[in-house]
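Novice:
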Amino acid sequence: TDEPDHALRDPSDLLLGQADGTFREAADAAGIITFERGRGAALADFNVDGMLDLIEVNYRGPVRLWRNVGTGDASHPRAMGNWLALRIVQPAPNVDAIGAWVQVRVGERILRRELTVGGGHAGGQNGWIHFGIGDATSAEVRVAWPGAETGPWVRVKANEFAVLRRGDGEARLWSPGGS
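For the sequence shown, our numbering assigns the number 2 to the initial residue and increments by one for each residue that follows.
Okay, structure coming up:
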């Protein structure tokens, strides 16, 4: 049978969460709209610059990696604000602490995120957890570990990669090719 191809030519979506809990479509404005048959996507900081990039997997089409340049351009990327990148680890067997809740306190505001592996059809997250913290120069972080133990609040400087290990009580700085 002949079927209309408009379902196959549906543009990609980039939904940005708003402060009021709603979402705004932004693929066209971000310059990443495509008409491939998208099958999954993931956010990760592929070039370790503190800005989340987007990788998109397509059915019978190329994989696309969209580099985040923030408010800058390809020659001079500029983050839209300060950020934290956190890696949460614990002893085996669940070394990635899947199921933990990470809390980030910036002033009176507390941001929360659960560590999961899944996230959608053919997409997901694992590894570094990214938090945008606006103009703040640091934040306090604590982890509610799997099994109900909650760690202490630990101060982490803005724009750094930090590793929190269960039982350490401190954040350890990480850098590419370093620790």
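Using N, Cα and C, we set each Cβ at its ideal position, and we do this for glycine too.
#1: Quick one: Cα of Trp-84 to Cα of Met-52, how far?
#2: Per the contact definition of three or more C-beta pairs closer than 8 angstroms, is the region 92-102 in contact with the region 66-77?
#3: Could you tell me the boundaries of the alpha helix (DSSP H) in which Ala-86 lies?
#4: Note down the Cα distance separating Asn-59 from Gly-128, rounded to an integer number of angstroms.
#5: Is any heavy atom in the ligand MN found nearer than 7 angstroms to the beta carbon of Leu-174?
#6: Whole angstroms are fine: how far does the CA of Glu-26 sit from the CA of Asn-160?
#7: Drop a sphere of 10 angstroms on the beta-carbon of Asn-48, count the other beta-carbons inside from all chains shown, and report buried for 16 or more, exposed for fewer.
#8: Classify Ile-130: buried if its beta carbon has 16 or more other beta carbons within 10 angstroms, exposed otherwise.
#9: Can you look up Ala-30 in the DSSP assignment and give me helix, strand or coil?
Specialist: On the basis of the data shown:
#1: Start at 1 with the first residue of the sequence shown, and residue 84 comes out as number 83. Start at 1 with the first residue of the sequence shown, and residue 52 comes out as number 51. Going by the C-alpha atoms only, they are around 8 angstroms apart.
#2: no
#3: What you label residue 86 is simply residue 85 of the sequence shown in a count that begins at 1. That residue, Ala-86, is in no alpha helix (DSSP H); its beta strand (DSSP E) goes 83-90.
#4: The sequence position of residue 59 within the sequence shown is 58, counting from 1. The sequence position of residue 128 within the sequence shown is 127, counting from 1. C-alpha separation (whole angstroms): 23 angstroms.
#5: Looking for the ligand MN in the displayed structure turns up nothing, as the structure carries no ligands at all.
#6: Working through the sequence shown from its first residue, we reach residue 160 at position 159. Working through the sequence shown from its first residue, we reach residue 26 at position 25. Straight-line Cα distance between these residues: approximately 27 angstroms.
#7: What you label residue 48 is simply residue 47 of the sequence shown in a count that begins at 1. Exposed, by the Cβ-count rule.
#8: On the sequence shown, residue 130 is found 129 positions in, with the first residue counted as 1. Under this definition Ile-130 is a buried residue.
#9: Here residue 30 refers to the residue found at position 29 when the sequence shown is read from its first residue. DSSP places Ala-30 in helix when its eight states are reduced to three.
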